[in-house]
Amino acid sequence: MRKPIEQIEAATILFAGDSGDGSQTIGAQMTETTALVGNDVATLPDYPAEIRAPAGSLAGVSGFQLHFSSEQIHTPGDLCDVLVAMNPAALKVHLQKLKPGGILIINSDNFARRNLRLAGYEQDPLTDGSLTKYQVFPVDLTRLTRKALEHTELTIREIDRCKNFFALGMILWLYNRPMDYTMKWIKTKFATKPQYVESNILALRAGNIYCEATEQFATSYNVKPAEFSPGTYRNIEGNMATVLGLVAASHQSGLPLVYGSYPITPASDILHGLAQYRNFGVVTMQMEDEIAAVGVAIGAAFSGALGVTGSSGPGLALKSEAINLAMIAELPLVICNIQRAGPSTGMPTKTEQSDLLQMLYGRNGESPIPIVAPTRPYDCFDTVYEACRIAVKYRTPVIFLSDLYVAMGAEPWKIPRLSELPTIEPDFAKGFSQNGNDGDAFEPYLRDAETLARPWAKPGTSGLEHRIGGLEKSDVTGNVSYDAENHEKMVHLRAEKVARIAQDIPPTEVFGAESGELLLLGWGGTYGPIRTAVENCIADGASDVAHVHIRHLNPFPRDLGEVLARFKRVLVPELNSGQLRQLIRSTYLIDAIGLNKVQGQPFHVFEVEAKINELL
Amino acid sequence: MPGAAPTLTRKDFESDQDVRWCPGCGDYSILAQTQRIMPELGIPRENIVFISGIGCSSRFPYYMNTFGFHTIHGRAPTIASGVKIANPDLSVWVVTGDGDALSIGGNHFIHLMRRNFNINMLLFNNRIYGLTKGQYSPTSEQGKRTRSTPLGSLDTPFNPISLALASGATFVARSLDRDPNHLRTVIKQAFEHKGTSFIEIYQNCNVFNDKTFFAYTEKETKAENTVFLAHGEPLLFGRELDKGIRLNGFQPEVVDTTNGDYTRADLIVHDRYAENTTAANFLARMSDTPGMPHPVGIFRSVTHPCYEDLMTHQVAFAKERMGEGNLEALLNAGETWTVT
Ligand SMILES: Cc1ncc(C[n+]2csc(CCOP(=O)(O)OP(=O)(O)O)c2C)c(N)n1
Ligand code: SF4
Ligand SMILES: [Mg+2]
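Dropping the structure here:
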C-alpha cells in the first residue's frame, strides 16, 4: 500500500555536515529538481572559510538551506521544516534553526563518542532526551550506503563519499520529487568516471527505497507548482547571473569584454564563469593582484573595450586609486564588489552590506561614482547590465555592489528575450577621415550637452591622438591644468555628470501603501526578508506600511525624497550599522530609523516583522 | 588602412605641450631620440600608445603626439597590458622610472616581463626619486645619502637587467641618455622584437643625482668603463679596444689583448640569442666585480609566444570547438522549463 501524501504550501530544508560531506552538492541538486517541478525556490549556502577544517569540528560545518513553495517566495526561509544532520557538529550548529516539531534526520553512524566530543556534546543527544521537541529519525546512513554499494569496486572511502546522495534520495522521497534530474546530473558530472555514476545513483536509489520500505517514514509531502508568469525559466545563482549579464552587455553593445580579476571569495565564481566564454570573445585575465586586475580593465577601456573588474571588500580597497584614475579619465569601467563581512579579512564566507560608504567615499578627492546594487540572485543580470549601460553612456566607472547572500543564492529566473534588453551604444568619437575636419585638434573633454559625457576616442583612429591622465585637466582640451577656477569647475562637472544619471533611471516603485505610517527602505540583498515581512504584515491587516527597495544608490532616484516624505516614519533595515540610513538622513534631512544586523547572516523575516510591529 | 602611410618626420611626433623637465635633464635626450626614431618604425601615429606611471620620466606621454595615458604610480604595466589585450594591433610603449617600475610597481614589472606581451618598456634609471625631490630609489647604491637617508641608505640595490632576466624577459637591453645613436638603435630593435622589450636607460638627473653615470657616458671615461655588447663579437673595450674579458673559472677577468698572452679566441663571445640565460645573467652581474666595465647593449633577445597571440588563439580555438557565442542559447542553457 502506498503511504499517504500530505499537501503542504511550502517547506524549508537544511542539509548540514562536514565540509567534505557534500551538503552543497545535494542542496544544489534538490534546488534544481524543485525548480524544475515548478516550485518557487530560494537558497542560502552557509559554508566555512576553511577548505577542510578538522573533520567533525564545529568550525567545519557546511550547510545549505533551501525554501520552496507553491507561492512566490523571496527568501530561503527563517526556520526549517527538515534538518539533515550528517554529524553531531552539524546538529549542534544548526538545531536552533529547526522548527519545534520539525523533522530531524540524523546519520546515527556518526554519533560515536569521539564525534560527540568533537562537537562538544557531553551526552548523546539521541538518547539524553534533549531532542523530544522534534520528530527524530536516526538513520544508519553510512552503514546503509556501504551495504547498498557493497558489490561495487569502490574502496570504503569512495563509498562513504556517496552517502550524501543516499540522504538526497531520502529527501526526494519525502517531498515526492523525481530522481531523474539528479541522475542526469550525476551522469554528466562523472562522465569520465563511470564507476562513480553507478555508485552515486545506487546510493540515491537506496535512500529513496529506504524511506518507501521502512516503517520509519509514514507520510510524505507534496508542494504544488507555483504560479509563474508565462515564459521560459531556469534556476540561477547570483554570480552566474552576473556573468551572463556581463556577457549580454558585451554582446548587445558590440564591445569585447575584458575581465581582470584576482581570486577572492565570494567573487571568484565570476572569474570562473566568464573564463568559460572565450567563444564569445570574452578575455579573462587572472592578474598578479587586484590593482593589476583593475589596471587591465582600465587599459582595455582606453582601447575601446568593455573593461570590467571584480573583487570583494579587501580587493576594492586595493583598487581605489585606480578607480579614481578611471573616474578622472572619464573612461567606462564596471567594478563588481561582491561584499562579504568585514572589516579587513573579516568573515570571507559570510554576508554583509558594509561596503556602501567605502564605495561612495573611499577615494581621495571628490570622486563621484555611480553605484547600483542587485536585490536578489536573478536581479544580478539586470543590475550588472545596467552598470554597463551607465558606464558606457556616461563614460564613468560604475560600481556593481552585490553581496555574498545574493551572489551565492539561487532561484528561478525568467530568461529575458534579447529584444527586451536596453541598448548600449558605444558611440565612439569619429576620426578625421570620418568627419573630414582635418584641421581641428581633437578635444577629448568636450562634453555632450545632455549627459556631460566626454568622447570615447579609441587608439587606432586617425586624428584622435590625445593624452589623458590623472592630473587635473583643463575643461574641453583635457590638457594638464593647475588653474584654480578650472579645477573647481571640473570637480563640479564630474559631480553634475553623475547626478544627471538620475534623469535616466526609472521612478521609485512603492509596494503597499502609497503613503501613510511606515515605509521600509532597503537596498541590495535584504530585498527578500523585507518584502516578505511587509507582505506578511499587510496580510495580517496592516494597511499603512510600504516597501521601497532601491537599485540605484548613487545617484538616488529623482523622486526618492518625495516618496519618503509621504510616510510618517522611514525604517532602513541593513546588514551594517546604518550606512544607507546615514545617507538618507543627510540627503533628505529625515529622521530615518535603523534596523541593523551585523552578524554575517541575512535578516530573518521575523526580525523585520517584529520591528514593523513595534513601530506600527 | 589602404595605401602607404604618409612619410612622417620627427616634428609629427611632437605634441603642442611645453616640455617641463629641468634644463639639462637626461629625459630631454631620450624624448628627442624617441621622436627621431618613430618615423622610421613605419607605423601610423594613431596606432602608437605611450603609457606611463608617475615620476619625472612619466610625463613623457604628454610630449608625444600619439595616444597617451599618464596613469598612476607603478601601475603602467597593468594598463598597458589592458590596452594591448583589447587591441593587439597597437604599438604599446611603457615609460617608467626606477622608483615607478621597481618600488611601487615591482610586482607588475616582473609579471609584465613573464607574460611577454608585445610591449616595449623604457625605464629611465636615474637612481633617484626625481619628482619627489631626491629620495633614494631601489637602484641607488647602498649607503646613498639623500634627504630621506641622511646617514646613508641601508638596502642593496636592484639590478634591473638581472631582475628582467630573472622574470623571463625576452628582450633585455641597456642604453645611455648621452649616447643618442646607440639609444635610437636599441629603441628600434626593441620595437622590432616581438615580445616584451625592456630597455634600462641610464639617465642623468642633474638636480638630485648629477653625474651618477658619467663614468659610463662621458668621453673621457666611457671607453674604459663600459663594454658595448655586439652579437657574435668578443667582449672588448678600452680606448683602443685593447682590453678583453675572459672567464677565469666562474669569474670575469680583464685581459690585455695586445701583448700576445691572449687572443680573441680566449674571450667571451656575446650571444644575444641564447635561450639559456646563464651568460646573460653573468653579463648583468659582471660589473659587481670591481674593475669590470658596465655592459651596454642588448643582453638577450629571444622569441617566445606573446600573451596576446596566445589569447587570440584560445579565443579562435574556443569558437572552433564550441561555435561562435550565441547569446540566446547561452541564456537558455542548462535545464529550463516553460510556463504558458
Ligand atoms: C601612490 C603614490 N605614492 C607616492 C607618490 C609620489 N611619487 C611621485 S613620483 C615618485 C617617485 C618617482 O621616482 P622615479 O620612478 O624614479 O621617477 P623619476 O621622477 O626619478 O623619473 C613618488 C614617490 C605618488 N604619486 N603616488
Ligand atoms: S628632477 Fe631630475 S629627473 Fe626630474 S626633471 Fe629634474 S633633472 Fe630631470
Ligand atoms: Mg628615478
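Line by line, the protein sequences are chains A and B.
Position in the first sequence counted from 1, then plus 1, gives you the working numbering.
Position in the second sequence counted from 1, then plus 753, gives you the working numbering.
Glycine included, each C-beta is placed from N, C-alpha and C at the ideal position.
No experiment lies behind these values; they were computed from the predicted model shown.
Would you grab the beta carbon distance between residue i and residue j for me? Rounded to a whole angstrom, and I think it's under 8 Å.
i: I336 of chain A; j: F401 of chain A; result: 7 Å
i: G739 of chain B; j: L1020 of chain B; result: Lying outside 754 to 1093, the shown extent of chain B, residue 739 of chain B is not represented and no answer is given.
i: S805 of chain B; j: A829 of chain B; result: 5 Å
i: W846 of chain B; j: F803 of chain B; result: 5 Å
i: A204 of chain A; j: G170 of chain A; result: 7 Å
i: Q1156 of chain B; j: I1051 of chain B; result: Residue 1156 of chain B cannot be examined here, being either before or after the span of chain B that is shown, 754 to 1093.
i: I807 of chain B; j: M286 of chain A; result: That pair is no contact at about 23 Å.
i: K367 of chain A; j: A485 of chain A; result: A small fix is needed here, since residue 367 of chain A is Glu in this sequence, not Lys. The Cβ separation is near 15 Å, so there is no contact.
i: A249 of chain A; j: P333 of chain A; result: With a Cβ gap of about 16 Å, A249 of chain A and P333 of chain A do not count as contacting.
i: A983 of chain B; j: H1023 of chain B; result: 6 Å
i: S262 of chain A; j: G311 of chain A; result: 5 Å
Determine the burial state of residue i: buried for a count of at least 16 other Cβ atoms within 10 Å of its Cβ, exposed for fewer.
i: A1018 of chain B; result: exposed
i: T909 of chain B; result: exposed
i: F1003 of chain B; result: exposed
i: N438 of chain A; result: Annotation note: pLDDT 49 at N438 of chain A (below 50); position unreliable, coordinate value reported separately. Under this definition N438 of chain A is an exposed residue.
i: F766 of chain B; result: buried
i: P1142 of chain B; result: Chain B is shown only over 754 to 1093; residue 1142 of chain B falls outside these bounds and no answer can be derived.
i: D932 of chain B; result: buried
i: Y176 of chain A; result: buried
i: Q1 of chain A; result: In the structure displayed, chain A extends from 2 to 617; residue 1 of chain A sits before or after that span and is not available.
i: G1087 of chain B; result: exposed
i: A192 of chain A; result: exposed
i: G827 of chain B; result: buried
i: G756 of chain B; result: Here the model assigns G756 of chain B a pLDDT of 45, short of 50, so the residue's position is not dependable and the matter cannot be decided.
i: H152 of chain A; result: exposed
i: S420 of chain A; result: exposed
i: R1025 of chain B; result: buried
i: L307 of chain A; result: buried
i: Y260 of chain A; result: buried
i: C538 of chain A; result: buried
i: S313 of chain A; result: buried
With a threshold of 8 Å (Cβ to nearest heavy atom), would residue i be considered close to ligand 5?
i: Q956 of chain B; result: This structure simply doesn't include ligand 5; it includes ligand 1, ligand 2 and ligand 3 instead.
Proximal residues, the segment 863–894 of chain B versus chain A, C-beta separation under 7 Å: H864
Segments assigned alpha helix (DSSP H), at least 4 residues, entirely inside the segment 125–164 of chain A: Counting only runs of 4 or more, we get 142–149, 157–161.
Residue ranges of each alpha helix (DSSP H) within the segment 9–48 of chain A, 4 or longer: Taken in chain order, the whole alpha helix (DSSP H) runs of length 4 or more contained in the segment 9–48 of chain A are 24–37.
Chain B contacts from the segment 125–142 of chain A (Cβ-Cβ distance under 7 Å): Residues of the segment 125–142 of chain A with a C-beta less than 7 Å from any C-beta of chain B: none at all.
Inside the segment 372–445 of chain A only - alpha helix (DSSP H) runs reaching at least 4 residues: 380–395, 405–409, 433–436
Short-range partners of chain B found in the segment 456–482 of chain A, where Cβ spacing is below 9 Å: A458, K459, P460, G461, T462, S463, G464, L465, E466, H467, R468, I469, G470, G471, L472, N480, V481
Contact list for the segment 241–254 of chain A against chain B, Cβ threshold 7 Å: L245, V248, A249, H252
Touching by the beta-carbon criterion (3+ pairs, under 8 Å), the segment 501–511 of chain A and the segment 579–595 of chain A: no
Three CB pairs or more closer than 8 Å across the segment 19–26 of chain A and the segment 80–91 of chain A: yes
Segment contact flag, the segment 947–957 of chain B with the segment 772–784 of chain B, C-beta cutoff 8 Å, min 3 pairs: yes
Residues of the segment 817–830 of chain B whose Cβ lies closer than 7 Å to any Cβ of chain A, in chain order: Look at the segment 817–830 of chain B: the residues with a C-beta under 7 Å from a C-beta of chain A are N818, T819, F820, G821, F822, H823, T824, I825, R828.
Contact the segment 1068–1085 of chain B vs the segment 275–287 of chain A: 3+ CB pairs below 8 Å: The segment 1068–1085 of chain B is in contact with the segment 275–287 of chain A.
Touching by the beta-carbon criterion (3+ pairs, under 8 Å), the segment 847–866 of chain B and the segment 290–304 of chain A: yes
Ranges of the alpha helix (DSSP H) found wholly within the segment 433–503 of chain A, counting only runs of at least 4: 433–436, 485–500
Contacting positions in the segment 1013–1031 of chain B - beta carbon closer than 7 Å to chain A: none
Cβ pair count under 8 Å reaching 3, the segment 340–357 of chain A against the segment 599–616 of chain A: yes
Completely contained alpha helix (DSSP H) runs for the segment 541–607 of chain A, where each covers 4 or more residues: 561–566, 580–589
Segments assigned beta strand (DSSP E), at least 3 residues, entirely inside the segment 955–1010 of chain B: 979–981, 996–1001, 1004–1009
Inside the segment 58–115 of chain A only - beta strand (DSSP E) runs reaching at least 3 residues: 62–70, 81–86, 99–108
Cβ contact (3+ pairs, closer than 8 Å) linking the segment 217–236 of chain A and the segment 3–15 of chain A: Taking one beta carbon from each stretch, the segment 217–236 of chain A and the segment 3–15 of chain A have 3 or more pairs nearer than 8 Å; the two touch.
Within the segment 242–302 of chain A, ranges of the alpha helix (DSSP H) (whole runs, at least 4 residues): 269–276
Residue ranges of each beta strand (DSSP E) within the segment 861–900 of chain B, 3 or longer: 872–878
Short-range partners of chain A found in the segment 1058–1085 of chain B, where Cβ spacing is below 7 Å: Hits within the stretch, in order: M1064, Q1067, V1068, A1071, K1072, M1075, G1076, E1077, G1078, L1080, E1081, L1083, L1084, N1085.
Contact between the segment 99–116 of chain A and the segment 58–77 of chain A (3+ Cβ pairs under 8 Å): Three or more beta-carbon pairs separated by less than 8 Å are not found between the segment 99–116 of chain A and the segment 58–77 of chain A, which leaves the two stretches without contact.
Beta strand (DSSP E) runs contained entirely in the segment 824–852 of chain B, provided each spans 3 or more residues: 844–850
Three or more C-beta pairs below 8 Å linking the segment 338–346 of chain A and the segment 200–217 of chain A: no
Validate contact between the segment 520–540 of chain A and the segment 467–485 of chain A using beta carbons, cut 8 Å, 3 pairs: no
At least three beta-carbon pairs within less than 8 Å, the segment 567–580 of chain A to the segment 374–394 of chain A: Result no; under three Cβ-Cβ pairs closer than 8 Å.
At least three beta-carbon pairs within less than 8 Å, the segment 55–66 of chain A to the segment 117–124 of chain A: Taking 8 Å as the limit for Cβ pairs, the verdict is that the segment 117–124 of chain A does touch the segment 55–66 of chain A.
Sequence ranges, beta strand (DSSP E) only - wholly within the segment 170–249 of chain A, length at least 3: 221–224, 232–238
Within 8 Å of chain B by C-beta, residues of the segment 189–218 of chain A in sequence order: Listed by position, the residues of the segment 189–218 of chain A near chain B (Cβ gap below 8 Å) amount to none.
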